[in-house]
Amino acid sequence: MKSGFVSIVGRPNVGKSTLINAIVGQKISIVTPKSQTTRDQIIGIYNDNESQIVFIDTPGIHKPHNELGEILDKRAYRTIRDCELALLVIDTSKDLGEGDEYLLEHLKFDCPLILVFNKIDLTNILLVTKIKERYQSVYTNATSIEISALTKFNVEDLIELIKDKLPEGPQYYDVKQLTDKDLRFQVQEIIREKTLLFLKEEVPHGVAVLCDEIDTSKKELEIFAKIVVERESQKGIVIGKNGKMIKRIGTASRKDIENQIKKHINLQLRVQVVENWRNSSSFLVSIGYK
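Have a look at this one:
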């Protein structure tokens, strides 16, 4: 059978997470309109009768502005080195900018590369041509494909292209397994997704979510989690007037978690302030980023 590890890389908010969810057929990686949504290496597994493809969704590559950003960029670069194939996802709905040039200057590939020109449903032929020419001028040996991860246009063709480029290999995971992430991680990601979706621009990048406990001793699964912010003023925004915002986050998160695990849960949320946590080495170590 054809098998191997495939890294999905690119700038923030180009549709990497939407693509991995479309390929796997289930929500593996959280998706929001905010950039830098993905912070961890998310593994999604595609299986059919002739192949097993292990996709790794990486954080968006950008010029880092804090210690967390530096860690995330290093993780993305390391993932590329460890894979048999890389997909570089490019947003064709926006013109080229400094972020593209930063990526083109810093991102090098030793493995085979597919340039995935995404959001083809939201653009025009002139812009697509301009963007393709710029990327193809740097990555001259890469294969190219145009897709829409959102509408799934050409996603099946992309899967076939990936299969063609992967070697014969073993089955790494059980065919029923769609991700390597445990329930605790999935709970944290769902809560963080809702927090990013509902909160204003000044809060999301300073937000982390930690699942403190999952109690399975009762009939209804009890989950205790906390939303971590960097300033007291952000704590008030997360809680909201009369607790309305944190209740909204909790309700939406609970519904998604229940849909994912097919069980009723009792979700308890609280908010904690850790000053400047994105530049705190000790805190980043404690939550698994180092």
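With the UniProt record's numbering applied, the sequence shown covers 1 to 290.
Quick reminder that beta carbons are idealized off the backbone N, C-alpha and C, glycines included.
Here's the rule I'm using: 16 or more other beta-carbon atoms within 10 Å means buried, otherwise exposed. How should residue i be labelled?
{"i": "Arg-39", "result": "Residue confidence is low: Arg-39 scores 45 on pLDDT, short of 50, so the model does not pin down where it sits. Its coordinate-derived value is still stated next. Label assigned to Arg-39: buried."}
{"i": "Lys-16", "result": "buried"}
{"i": "Glu-105", "result": "exposed"}
{"i": "Thr-151", "result": "exposed"}
{"i": "Ser-7", "result": "buried"}
{"i": "Glu-101", "result": "exposed"}
{"i": "Lys-119", "result": "buried"}
{"i": "Glu-168", "result": "exposed"}
{"i": "Glu-213", "result": "exposed"}
{"i": "Gly-243", "result": "exposed"}
{"i": "Gly-60", "result": "buried"}
{"i": "Gly-97", "result": "exposed"}
Roughly how many angstroms lie between the CA atoms of residue i and residue j, to the nearest whole one?
{"i": "Thr-92", "j": "Phe-109", "result": "21 angstroms"}
{"i": "Phe-153", "j": "Ser-280", "result": "42 angstroms"}
{"i": "Thr-129", "j": "Ser-137", "result": "12 angstroms"}
{"i": "Thr-251", "j": "Phe-198", "result": "12 angstroms"}
{"i": "Ile-261", "j": "Leu-103", "result": "37 angstroms"}
{"i": "Leu-122", "j": "Lys-132", "result": "15 angstroms"}
{"i": "Lys-226", "j": "Lys-27", "result": "22 angstroms"}
{"i": "Val-207", "j": "Leu-107", "result": "27 angstroms"}
{"i": "Glu-258", "j": "Asp-48", "result": "27 angstroms"}
{"i": "Val-273", "j": "Ala-149", "result": "36 angstroms"}
{"i": "Asn-21", "j": "Ile-56", "result": "11 angstroms"}
{"i": "Ile-249", "j": "Met-1", "result": "43 angstroms"}
{"i": "Phe-117", "j": "Val-203", "result": "31 angstroms"}
{"i": "Phe-224", "j": "Gly-236", "result": "20 angstroms"}
{"i": "Gln-36", "j": "Pro-12", "result": "Because the pLDDT at Gln-36 is just 48, under 50, the model does not fix this residue reliably, and the value given afterwards should be weighed accordingly. Cα to Cα, Gln-36 sits roughly 5 angstroms from Pro-12."}
{"i": "Thr-58", "j": "Gly-99", "result": "16 angstroms"}
{"i": "Lys-34", "j": "Val-285", "result": "For Lys-34, the predicted model reports a pLDDT of 49, less than 50, meaning its position is unreliable; a value from the coordinates is still stated below. If I take the Cα positions, the gap works out to 25 angstroms."}
{"i": "Thr-79", "j": "Ile-45", "result": "16 angstroms"}
{"i": "Asp-111", "j": "Lys-263", "result": "At residue 111 the sequence reads Cys, which differs from the Asp that was named. Approximately 42 angstroms, taken between the alpha carbons."}
{"i": "Thr-18", "j": "Ile-147", "result": "12 angstroms"}
{"i": "Val-14", "j": "Leu-127", "result": "15 angstroms"}
{"i": "Arg-81", "j": "Lys-241", "result": "47 angstroms"}
Return the chain-ordered list of same chain residues with a C-beta closer than 7 angstroms to the C-beta of residue i, the five sequence neighbours on each side being excluded.
{"i": "Pro-170", "result": "Ser-3"}
{"i": "Arg-254", "result": "Ile-265, Leu-267"}
{"i": "Glu-239", "result": "Checking the displayed sequence, the identity of residue 239 turns out to be Ile instead of Glu. Answer for Ile-239: Met-245, Ile-246, Val-271, listed in chain order."}
{"i": "Lys-194", "result": "Ile-249, Ala-252, Ser-253"}
{"i": "Ile-287", "result": "Ala-208, Leu-210"}
Whose CA, out of the options, lies closest to the CA of residue i?
{"i": "residue 291", "options": "Ile-43, Ile-125, Thr-18, Phe-55", "result": "It is not possible to answer for residue 291, since the shown part of the chain is limited to 1 through 290."}
{"i": "Ile-125", "options": "Lys-94, Asn-13, Leu-196, Thr-151", "result": "Lys-94"}
{"i": "Glu-84", "options": "Leu-113, Leu-96, Gly-99, Thr-140", "result": "Leu-113"}
{"i": "Ser-51", "options": "Asp-256, Asn-13, Asn-266, Lys-163", "result": "Lys-163"}
{"i": "Arg-192", "options": "Thr-140, Ile-147, Val-271", "result": "Val-271"}
{"i": "Asp-182", "options": "Leu-166, Pro-167, Cys-211", "result": "Cys-211"}
{"i": "Ser-144", "options": "Val-89, Ile-190, Pro-167, Val-24", "result": "Val-89"}
{"i": "Asp-180", "options": "Val-24, Arg-81, Ile-223, Leu-19", "result": "Val-24"}
{"i": "Val-187", "options": "Asp-256, Tyr-139, Gly-60, Gly-10", "result": "Asp-256"}
{"i": "Tyr-135", "options": "Ile-287, Lys-263, Gly-10", "result": "Gly-10"}
{"i": "Leu-269", "options": "Val-228, Asp-82, Glu-146", "result": "Val-228"}
Using a Cβ-Cβ cut-off of 6 angstroms (strictly less than) and excluding sequence neighbours within five positions of residue i, which residues of its own chain qualify?
{"i": "Phe-283", "result": "Val-274, Trp-277"}
{"i": "Ala-142", "result": "Leu-113, Leu-115"}
{"i": "Glu-222", "result": "Asp-215, Asn-266"}
Using a threshold of 7 angstroms, is the CB atom of residue i nearer than that to any non-hydrogen atom of the ligand NAD?
{"i": "Asp-57", "result": "For the ligand NAD, the structure offers nothing, since it holds no ligand at all."}
By Cβ distance below 8 angstroms, which residues in the same chain neighbour residue i in space, the five residues on each side in sequence not counted?
{"i": "Leu-166", "result": "Lys-2, Ser-3, Gly-4, Val-6, Ser-51, Ile-53, Glu-84, Leu-85"}
{"i": "Tyr-139", "result": "Leu-88, Phe-109, Leu-113, Leu-115"}
{"i": "Ile-190", "result": "Ile-30, Ser-253, Asp-256, Ile-257, Gln-260"}
(message) I want to know whether the stretch 230 to 237 touches the stretch 211 to 219 - three or more CB-CB distances under 8 angstroms.
(response) no
(request) Check whether the stretch 175 to 182 touches the stretch 153 to 167, taking contact to mean three or more Cβ pairs, one atom from each stretch, closer than 8 angstroms. (result) no
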